[in-house]
Structures are given as structure tokens and as C-alpha cells.
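Below: one structure, written as C-alpha cells.
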Amino acid sequence: MIRVESVSKWYGLVVGVNRISLELEPGVTGLLGVNGAGKSTLLNLMAGLLRPSSGTVSLDGQSVFANPAALRHIGTCPSPDHLYEELTGLQFVELMGRLSGLPAAQARARARASCDAVAMGEEAGKRIRSMSKGMRQKVKMAQALVHEPKVLLLDEPLNGMDPPSRAQTIAAIRRWGEEGRCVLVSSHMLHEVEAMTSRILLLHHGKLLASGEVPQVRQAIASRPMRVFMRCAKARFLASEMIGWDCLASLSFGSDGRSLTAEVSDTGAFRTRLSDLMAERDLGLEILNPLDDNLAAVFSYLVA
Amino acid sequence: MDSATITLFSFTARQMTRSVKAWLFGLMAAVPWGVVLVLRLLIAQGVPVPMGGVTLYGMLVLGYVLGFFVPLSTLFFGTALIADEVEGGTLPYLFGRPIRREKLFLVRYAAMTAILLAGAWASVLGTYLLAMTTGSPAGELGTLGGDLLTVGLAVAAYGALFSFLGMALKKPLFWGLLIGFGWENLVAWLPGFLKRLTLLFHLHTLLPHASGPQGLLQQLLASSESRLAALLFLLVYEALFLILGCLIVRRMEASAAEREEG
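Line by line, the protein sequences give chains A and B. 17 is the number of the first residue of the first sequence in the working numbering; add one for each residue after it. 1434 is the number of the first residue of the second sequence in the working numbering; add one for each residue after it.
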């Protein structure tokens, strides 16, 4: 089992992931987040390609970074589209098999089997430089499989695939999960991930916002109040007007006397009532900002 | 030797020999052959030529092969050993395999050294055969053997230096040129201990050419060192650069320059 314990990764002043802890279980888990959320960073940390700035990533108790004993059990399909262009798909997968320690004949057989598992067919014999984007994705997935790892880390594997290829790949990923492998698939499209699994991890700004079954995450979003920061010239008047609103959970003043922080349970109702109030009275509203990593906004993006 | 080692070695060798660089350096290796052939042509047409035979051969080995071709070829291939994989985005595929990083680096270094050694030896051997056919080729076989050994050590030592620099520095070609052609050629001439901090000084000590202009040059450069000391220095430098390279590759990240993409 692969375990991530309080892992952070920063590049200078930029935080890639921030104190993430998780345990990957057998089966398929979706890793969801918008672009820049930290999905690729987390996957690269788990693949032993990046060293954590703090925390540990371990497989069966062994650190993963640059550890051949752990890497033997991990297969990674990276997101960037870089391959050895002069090789055929089959040659590339066989090469990866041989570099994983498989003898030549076994690597050849495993390469063929891996290419068949991702439905490459005769395309596997073509040079990679002449392949379509979708086929190149399949080559990447096949090389992740060739040494039969128990952990598969797939970074946006469906990118560039046409609908039939997507369906084939989704079916393959489900099958790998049913075989007992730990499969982590990243995407920014919830409906894609839902076709493979109901178990998701939701990442935003490098933090793990939510994890669990999709219905649980939806419930968490619905019940979680959102904090909103406001600054206006008539803060006390605004506070006196808002205090009776049902959608307001709590309200506090800032030290400058002009700012308010509201905890809102129903953002839609809050916006409507605030807009109506602003239309009736000149509040001198200068700033209106959500303070939280906005789980609702993130989830809305993912389901769009 | 395991399957992964053999595969990595042959894959690296294939990558090198199929590159455009390989063709260019292949042509460069043949430059001394061209020089000898031109001079022989002039001699055949009765044009007086200032040198020939073993003297010409010695000058070409000392001045061109050791002084130019070996440092330049090892610079370009050595600095690219891991850097090319980084720039091509294929390093994750190598680092993600269950191979020790140090082994990855050393096997790729060995493949590079083998290929460049073949080129350098072909250059020396071809020059010898072309330059010596008018004289007594068998008489200078000891010189040839010594040159092949020295050029081999040069490829190994410079290869180790530039492979290390390729991972340690941001602009390795620039620093490599500065060190390989600046530091090496200037400091090797200085009196005192400082010249021992160059590879060129020790290589010149090992070269067997004792007569002629290049012999004097050698004597100036290598006046106070035994061949055994020179050999030891070269082996220690090679080991040092390879150890440093291993320490760097051990800590390298496969996507160090990569920011979050998705």
C-alpha cells in the first residue's frame, strides 16, 4: 500500500502541495482538481520522481524516492507528451520492460500484452513520431503496465483520446482496479472519473480539500459554510441588516471597524439578498471576497 | 551483467551514434587522416614538406586528437549525458524504472566512453597507418600503443569531468569550454603545483613521444612528474568526477524544472 504522510513540496516560494496525507487502497481512486491544483506534483511525488520538501511517501514501509525496490511496484503514466520519437510503440514499451529488469524474451511478450491491454492493435508497430495524441497516450499507459506493477499512477490518461478510445481506456482502468492494483487517476473532469470510480480525492491550491465517495463529497460541500470578507464605509449598518438573514451562520468585525467576515451557509441566497440591499442603499462596498479555498466553486468547475 | 544494464548500455550507444553530433564528430575524427593524405600528395608531387612520418603523426596526436578532438567530443557528449533526457522530457521514464540512479549514470557514462574511445582510437590508428606507411610502421608500435592508452585515459577522464559538469552546472557547455580549453591550456603551462590540477599536464606526461618539437613541448609541460604519478592522478580525477556525478544524480528530481501542469 502506498502511503503519503504530511507531504509538502515547494519550489522556491511556490507551494506545489501542502501537507497532504493519504493512503491509496486497492481499486481505482480519482484525483480531481483544476489546472494548477497540484495533481501532477502529487503523482510525481508518489512515483518517486520528486523528493518531498517535508513528509514521507512510502510503499510497504519503504521510501519511494529513487528507491529501485519500491519503483519495481510502481508504474507511472506521466502527463507531458515526451517520448523517444524514433522508436515504435512496441520497441519503447519493450525497452521500458527491459530497463525494469525483464529478460529480453519476457520483455517482448509483456510489451505485446501491455499494448493489447490498452487496445493499441497494429498501431503499436508504428513509429511514435507518426502517432496521434491518443495513441501516444496509450503508449505511455502501456509502458506503465509492462512490468506488472501493483500501483499505477495515471496523470490525465484520457487527454487527446477520441470517444471510442476513452471508453476502452476507462474499461481497462476499471479492470486494473478490479485486479487488485492501486490505481490513481488524475483528471479535471468529474464525469470522466465517475465513469471509473466513486472514490475521489479533491485537490485545490496544493491542499486536499475532500476525500471519499462522490456523494459524500457533494454532501460535504452542501453543508460547509463559506466565509466572505467585506469592507465598506457603512459596515455597522450592513451588519445590522444582515444579522437576521437565515443564510448567515456568523458575523464578525475587523479591527479597523470597516471590515466584516461573514460565515454563509447558502451562498446563492446571500448574494441575492446582498445585491438587493446594495440596490436599495448606497453601502459604499469596497471589497467583497470569498476567503476559503472555495470547495463549491472548485466542484462547480469540475462538474461543468 | 543484468538485462537492464545491457539494455541501457546499448540504448545509450544507439542514441549517441544516431545523433547529428555523432556524424559531425565522426568527420572531425577523420581530419588528421585528411591532413596526412594532403601532405603525402604534396610529397608525391615533389613539393617540400616540413615534416612527415612519426613527427607528423606525433604532432597530430598531441595537438589535434589530445588537445582538441578528445576535449571537444567529451564536452558535447558528456554534458548531454543526462541533460538531453531532461530537455527531451524523457528523464521520468529512466528515473521511474527500478534501476539505481548511480548505475544509470555510470552505465550511460560507460557507453559514451566506449563510443568516443572508438572514434578517438580510429583517428589515432588511421593517422598512424597513413603517416607511417612510407617509413617503418612496425618500428613505432610502442609509440602507437602508448598513444592509444593515453588517448583512452583522456576520453575517460574528460568524459567523467564533463558528465559531472553537465549535471552540476546550469550552462555546462559554457563552463566546459572555459575549463576544457581555457583552464586546461593555460594552467598546464604554469610552474609549480597548480598544473597538476589539469588533466592535460598528466596526459602529456604519459605520451611516449620523446623526440622532435612535440617532445620539447612535452618536456616543458611535464618536467617533474613520473608516468606512474600521472596515471594515478588521472585515475583519481576520473574517480572523483564519477563519484560527484553519482552524488548529484542520486538527489536529482526527474521533473525539477517542471511546475504544476495539471
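Don't be surprised by glycine CBs; every beta carbon is placed ideally from N, CA and C.
{"Item": "When you check each C-beta in the region 1620–1639 of chain B against every C-beta of chain A, which residues fall closer than 8 Å?", "Value": "none"}
{"Item": "Could you work out which residues of chain A lie near B/R1533, taking near to mean beta carbons separated by less than 7 Å?", "Value": "P84"}
{"Item": "Applying a beta-carbon distance threshold of less than 7 Å, which residues of chain A neighbour B/F1528?", "Value": "L65"}
{"Item": "When you compare only the Cα positions, how much space is there between B/G1511 and A/M151?", "Value": "33 Å"}
{"Item": "Whole-angstrom Cβ separation of A/L276 and A/L290, contact assumed at under 8 Å?", "Value": "Between A/L290 and A/L276 the Cβ distance is about 11 Å, and since that is not below 8 Å, they are no contact."}
{"Item": "Between B/H1637 and B/A1455, what straight-line distance do the alpha-carbon atoms span, to the nearest angstrom?", "Value": "27 Å"}
{"Item": "Under the DSSP definition of a beta bridge, which residues are partnered with B/Q1478?", "Value": "DSSP output for B/Q1478 lists no bridge partner at all."}
{"Item": "For the region 175–217 of chain A, which segments carrying the alpha helix (DSSP H) assignment without a break, of at least 4 residues, lie completely within its bounds, in sequence order?", "Value": "179–194 and 206–210"}
{"Item": "Using a C-beta cutoff of 8 Å, does B/E1693 count as contacting chain A?", "Value": "The pLDDT assigned to B/E1693 is 37, lower than 50, so where the model puts this residue is not dependable; a value taken from the coordinates is nonetheless given after this. B/E1693 counts as touching chain A."}
{"Item": "So which of A/R182, A/S69 and A/S74 has the shortest CA-CA distance to A/N34?", "Value": "A/S69"}
{"Item": "Please find out if some non-hydrogen atom of the ligand FAD comes closer than 7 Å to the beta-carbon of B/L1640.", "Value": "With respect to small molecules bound, the structure shown includes none, and the ligand FAD cannot be examined in it."}
{"Item": "For the beta strand (DSSP E) containing A/S245, name the first residue and the last one.", "Value": "Note on identity: in this sequence residue 245 of chain A is Phe, with Ser being the wrong assignment. Residues M242 to C248."}
{"Item": "Under a Cβ-count criterion, where at least 16 other Cβ atoms within 10 Å of its own Cβ denotes burial, should B/S1644 be classed as buried or exposed?", "Value": "With a pLDDT of only 45 at B/S1644, under the threshold of 50, the placement of this residue in the model should not be trusted; the figure read from the coordinates follows. B/S1644 should be labelled exposed."}
{"Item": "List, in chain order, every chain B residue whose beta-carbon is nearer than 9 Å to that of A/T92.", "Value": "P1525, Y1526 and G1529"}
{"Item": "Quick one: residues in its chain with C-beta nearer than 6 Å to the C-beta of B/L1417, no 5 flanking neighbours on either side, listed in chain order?", "Value": "No information on residue 1417 of chain B is available, as it lies outside the stretch 1434 to 1695 that chain B covers here."}
{"Item": "To be precise: take each residue of the region 109–126 of chain A, compare its Cβ to all Cβ atoms of chain E, and keep it if any distance is under 8 Å. Which residues remain?", "Value": "No chain E appears in the structure shown, which is made up of the protein chains A and B."}
{"Item": "Give the interface partners of B/E1686 over in chain A, defined as CB-CB distance under 7 Å, in chain order.", "Value": "L65, L66 and R67"}
{"Item": "Starting from A/S37, trace the beta strand (DSSP E) in both directions and tell me its first and last residue.", "Value": "V30 to L40"}
{"Item": "Should the region 125–143 of chain A be called in touch with the region 63–80 of chain A, which here means at least 3 C-beta pairs below 8 Å?", "Value": "no"}
{"Item": "Looking only at its own chain, which residues have a Cβ that is under 7 Å from the Cβ of A/C131, when we skip the five neighbours before and after it?", "Value": "G105, L106, V109, A140 and A158"}
{"Item": "Below 8 Å on C-beta distance, what does A/R88 contact in chain B?", "Value": "P1531"}
{"Item": "Kindly indicate which residue of B/V1669, B/I1439, B/T1440 and B/P1504 has the alpha-carbon position closest to the one of B/F1614.", "Value": "B/P1504"}
{"Item": "So is B/A1513 buried or exposed if we call it buried at 16+ other beta carbons inside 10 Å?", "Value": "buried"}
{"Item": "Note down the Cα distance separating B/E1691 from B/I1676, rounded to an integer number of angstroms.", "Value": "Because the pLDDT at B/E1691 is just 46, under 50, the model does not fix this residue reliably, and the point stays unresolved."}
{"Item": "Going by the beta-carbon positions, is the gap between A/V209 and A/V199 smaller than 8 Å?", "Value": "no"}
{"Item": "Closer than 8 Å, Cβ to Cβ, to anything on chain A: give me those residues from the region 1441–1469 of chain B, in chain order.", "Value": "L1441, F1444 and R1451"}
{"Item": "Any idea if A/D262 is buried or exposed, counting beta-carbon neighbours within 10 angstroms, 16 or more meaning buried?", "Value": "exposed"}
{"Item": "In this structure, how does DSSP classify A/A265 when only helix, strand and coil are distinguished?", "Value": "strand"}
{"Item": "My parser needs the alpha helix (DSSP H) runs of 4 or more residues fully inside the region 1511–1536 of chain B; what are they?", "Value": "1524–1528"}
{"Item": "Quick check: what's the CA-CA separation for A/G260 versus A/V233?", "Value": "30 Å"}
{"Item": "Note down, in chain order, each residue of its chain lying with its Cβ closer than 7 Å to the Cβ of A/A82, except the 5 sequence neighbours on either side.", "Value": "G64"}
{"Item": "Please name the residue in A/A135, A/A121 and A/E164 whose C-alpha comes closest to that of B/P1531.", "Value": "A/E164"}
{"Item": "Which residues share a DSSP beta bridge with A/N305?", "Value": "A/F245"}
{"Item": "What do you get for B/L1548, buried or exposed, if any count of 16 or more other CB atoms within 10 angstroms of its CB means buried?", "Value": "The identity of residue 1548 of chain B in the sequence shown is Ile, whereas the question assumes Leu. By the neighbour-count rule (16 or more Cβ atoms within 10 Å), B/I1548 is buried."}
{"Item": "Buried or exposed, going by whether 16 or more other CB atoms sit within 10 Å of the CB of B/A1689?", "Value": "Note on B/A1689: pLDDT 45, under 50, position unreliable in the model; the coordinate value appears next. Exposed, since its Cβ has fewer than 16 Cβ neighbours within 10 Å."}
{"Item": "With a cut-off of 8 Å, do at least 3 Cβ pairs link the region 71–86 of chain A to the region 19–28 of chain A?", "Value": "yes"}
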